[in-house]
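Q: Residue numbers (my numbering), protein chains in the order written: chain H, 6 to 119; chain S, -17 to 96. Note that the Cβ used here is the ideal one computed from N, Cα and C, for glycine as well. Take this structure first; my questions come after.
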Amino acid sequence: GENVEQHPSTLSVQEGDSAVIKCTYSDSASNYFPWYKQELGKGPQLIIDIRSNVGEKKDQRIAVTLNKTAKHFSLHITETQPEDSAVYFCASGGLGGGADGLTFGKGTHLIIQP
Amino acid sequence: NAGVTQTPKFRILKIGQSMTLQCTQDMNHNYMYWYRQDPGMGLKLIYYSVGAGITDKGEVPNGYNVSRSTTEDFPLRLELAAPSQTSVYFCASSYGGDRGSPLHFGNGTRLTVT
Chain H
6 GENVEQHPST
16 LSVQEGDSAV
26 IKCTYSDSAS
36 NYFPWYKQEL
46 GKGPQLIIDI
56 RSNVGEKKDQ
66 RIAVTLNKTA
76 KHFSLHITET
86 QPEDSAVYFC
96 ASGGLGGGAD
106 GLTFGKGTHL
116 IIQP
Chain S
-17 NAGVTQTPKF
-7 RILKIGQSMT
3 LQCTQDMNHN
13 YMYWYRQDPG
23 MGLKLIYYSV
33 GAGITDKGEV
43 PNGYNVSRST
53 TEDFPLRLEL
63 AAPSQTSVYF
73 CASSYGGDRG
83 SPLHFGNGTR
93 LTVT
């Protein structure tokens, strides 16, 4: 089955700096790559996603890049703010697969230092 | 819309006790999922359902049971609680089952078995 590796497990950056979280996946049939943000005491919430027919997608300070050849995708957060502190999960899935949802990475705890 | 609602938020069980974790969604999604989240381990799929009356095992189903009598509700049953079932449980739903659809999560149930 699909395997998703996520790095780093913890990332501490100064407020205003950029943060990058990286994921690799194993199943070449995967073509849907969402990112979730989980705040303390809450469930994960979708913040951005990308499909394999697109190499990059941006939404304000957040961007995701995808390299299908290398099977990796990354989350980029620019001009980080205190409210960006959370755990971030990458995931992979794809059309034509089973109905068993997504495969998740183990998460990155992002800490924004004031 | 309330989205995905889980009850209770917290629960402490003694070894061998049983309980049902409730999950309901008001988005008319056909696909529903139960995950458990352990520290540093990401999200593991327990069971999923593609519609009323249909359920299937995920990655870690042992010790759990589910039912899906309506589109809205997807309860998770623990029959004989064990310390290994101490975890945070998340219910999720999605509109499509092709593994290319975003998941919508509830805010979780934190369960401790002592």
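S:A(-16) CB to nearest chain H CB: under 8 Å?
A: Not an interface residue.
Q: For S:G45, would you say it is in contact with chain H, using Cβ-to-Cβ distances shorter than 8 Å as the test?
A: For S:G45, the answer is no, since every Cβ of chain H falls outside 8 Å of its Cβ.
Q: Express the C-alpha separation of H:T108 and H:V25 in angstroms, rounding to a whole number.
A: One C-alpha to the other measures close to 20 Å.
Q: Using a Cβ-Cβ cut-off of 8 Å, state whether S:M9 counts as contacting chain A.
A: Considering every chain present, this structure includes no chain A. Its protein chains are H and S.
Q: Looking at chain H, is there any beta carbon in it that lies within less than 8 Å of the beta carbon of S:F56?
A: It does not; no Cβ of chain H falls within 8 Å.
Q: If the cut-off is 9 Å on Cβ atoms, which residues from the stretch 20 to 47 of chain H count as contacting chain S, listed in chain order?
A: Answer set for the stretch 20 to 47 of chain H: S35, N36, Y37, P39, Y41, Q43, G46 and K47.
Q: Give a yes or no on whether the minimum CB-CB distance between H:S90 and chain S is below 8 Å.
A: Chain S, which has no Cβ nearer than 8 Å to the Cβ of H:S90, makes this no.
Q: Measure from the alpha carbon of H:A34 to the alpha carbon of each residue in H:T83, H:S90, H:Q43 and H:N58, then state which is nearest.
A: For H:A34, the nearest C-alpha among the options comes from H:N58.
Q: For S:N19, which beta-bridge partners are listed by DSSP?
A: Position check: residue 19 of chain S holds Gln in this sequence, whereas Asn was assumed. Bridge partners of S:Q19: S:L25 and S:V70.
Q: Let's see if you can read the secondary structure: which residues bound the beta strand (DSSP E) around H:S79?
A: Here the beta strand (DSSP E) through H:S79 covers H77 to I82.
Q: Tell me the DSSP secondary structure of H:N89 in three-state form.
A: In the sequence as displayed, the identity of residue 89 of chain H is Asp instead of Asn. Helix at H:D89.
Q: Which one of S:G33, S:T96, S:V70 and S:L93 has the shortest CA to CA distance from S:L27?
A: It is S:V70.
Q: Quick check on S:P65: does DSSP put it in helix, strand or coil?
A: If DSSP states are grouped into helix, strand and coil, S:P65 belongs with the helices.
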